[in-house]
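S.K.: Quick note, in my numbering, the sequence shown goes up one by one and the last residue is 270.
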Amino acid sequence: MQIIVFLLGLGITLSTLFSAIKQTVLPGRKKVRLSRVVFRNTFRLFRLVAVRALSDEVRDRILALYAPISIMLLPLTWIILLMIGFTTMFWAVGVSSLGTALSLSGASLTTEGFLAPKGVAETTLYILAGVIGLGIVGLLITFLPTVYAIYSQREEEVTRIAYRFGAPPSGVRVLEQSYRLGLAQELDQFWRSWEAWFTDMAETHISNTEVIFYRSSQPSTSWITTAGAILDACALFSSTVDRHDGPWLYLCFQAGCHMLAEIASGDRAC
Numbered sequence: 001m002q003i004i005v006f007l008l009g010l011g012i013t014l015s016t017l018f019s020a021i022k023q024t025v026l027p028g029r030k031k032v033r034l035s036r037v038v039f040r041n042t043f044r045l046f047r048l049v050a051v052r053a054l055s056d057e058v059r060d061r062i063l064a065l066y067a068p069i070s071i072m073l074l075p076l077t078w079i080i081l082l083m084i085g086f087t088t089m090f091w092a093v094g095v096s097s098l099g100t101a102l103s104l105s106g107a108s109l110t111t112e113g114f115l116a117p118k119g120v121a122e123t124t125l126y127i128l129a130g131v132i133g134l135g136i137v138g139l140l141i142t143f144l145p146t147v148y149a150i151y152s153q154r155e156e157e158v159t160r161i162a163y164r165f166g167a168p169p170s171g172v173r174v175l176e177q178s179y180r181l182g183l184a185q186e187l188d189q190f191w192r193s194w195e196a197w198f199t200d201m202a203e204t205h206i207s208n209t210e211v212i213f214y215r216s217s218q219p220s221t222s223w224i225t226t227a228g229a230i231l232d233a234c235a236l237f238s239s240t241v242d243r244h245d246g247p248w249l250y251l252c253f254q255a256g257c258h259m260l261a262e263i264a265s266g267d268r269a270c
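1. Could you tell me the distance, in whole angstroms, from the CA atom of R47 to the CA atom of A53?
2. What separation, rounded to the nearest whole angstrom, lies between the Cα atoms of V129 and I136?
3. I'd like the span of the alpha helix (DSSP H) that includes N208, first residue to last.
4. With a threshold of 16 other CB atoms inside 10 Å of the CB of F165, please say whether the residue is buried or exposed.
5. Count Cβ pairs between the segment 92-109 and the segment 57-68 that sit closer than 8 angstroms; are there 3 or more?
6. Given a cut-off of 9 angstroms on the beta-carbon distance, is the pair E210 and S70 in contact?
7. Look at I161 and T88 and say whether their C-beta atoms are less than 9 angstroms apart.
8. Going along the chain, which residues of its own chain have a beta-carbon closer than 8 angstroms to the beta-carbon of S222, five neighbours each way excluded?
9. Compare the C-beta of I150 with all C-beta atoms of chain D and state if any pair is closer than 9 angstroms.
10. On a Cα-Cα basis, can you pick out the residue from K118, L236, L81 and Y126 that is closest to A20?
11. Taking the CB atoms as reference points, tell me whether L140 and T24 lie closer together than 9 angstroms.
12. I'd like the list of long-range same chain contacts for V32, defined as Cβ closer than 6 angstroms, with 5 residues on each side in sequence excluded.
13. Using the rule of at least 16 other Cβ atoms within 10 Å of the residue's Cβ for burial, across every protein chain shown, is L76 buried or exposed?
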């Protein structure tokens with residue numbers, strides 16, 4: 001019986017640890033079941049509240065909290081599952097009660113050290129739990145700033161477009177304002193910069209799918225609608241303006257379509 005309980009706790013601990021590592025360290029597209037459960041169930045709760053909002057502004061404020069709270073729930077979920085895993089393992093190696101096993105698990109994972117283990121098996125688990133607890137803290141120290149950096153990089157261009165062409169932007173307004181302000185000759189550089197933006201967003205948002213759910217700071221702006229406006233501008237320019245603008249127009253449009261398709265596919269995996 002104790003062997004089965006120990007293996008159960010070991011399985012919970014290892015699966016949780018692998019989920020945390022995949023979520024925070026592993027590059028590229030990834031499917032982390034635990035993260036998906038946390039994000040989807042959190043969204044269900046937010047949707048229940050948001051549909052009862054009295055205005056679009058209140059609804060947007062509520063939904064803007066969804067991604068940050070979901071991300072903060074992830075490490076909390078990891079710690080709870082790790083505590084469950086180590087509690088069962090401590091009990092399986094001979095700790096007298098579940099309460100004491102839980103206290104040992106919490107003390108070791110948080111590195112508080114207010115309880116002393118007894119015996120080689122307990123001491124070994126105690127040290128391992130402490131190392132894993134410190135590792136989780138280290139992962140968070142690198143993970144959260146990375147998420148914020150990606151968000152800031154994305155929103156910088158979104159805000160620039162909103163100030164230049166209005167919010168929410170449209171493909172027609174992008175072209176009209178460019179010609180009105182005498183920026184038509186710079187459109188080639190404009191397409192080039194947005195081709196680079198689409199490429200960067202594809203790389204960062206596929207590897208860090210949680211950033212997809214971060215809403216823009218203003219209700220009238222959105223990185224998705226901004227991307228759509230740029231693609232509309234590409235299509236309109238190509239079909240209606242009698243001017244050859246080099247390869248960057250096509251490359252920008254192609255990169256944008258690929259980026260949105262890849263992120264939509266990654267969104268289903270999160």
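The beta carbon of each residue, even a glycine, is placed where N, CA and C say it ideally should be. Please read these numbers as outputs of a predicted model, since none were measured by experiment.
M.R.: Well, looking at it:
1. 10 angstroms
2. The question names Val, but residue 129 in the sequence shown is Ala. When rounded, the distance between both Cα atoms is 10 angstroms.
3. From DSSP, N208 is part of no alpha helix (DSSP H); its letter is neither H nor E.
4. buried
5. no
6. yes
7. no
8. V158, P168, R215 and S216
9. Among the chains in the structure shown there is no chain D, since it carries only a single protein chain.
10. L81
11. yes
12. S19, K22 and Q23
13. exposed
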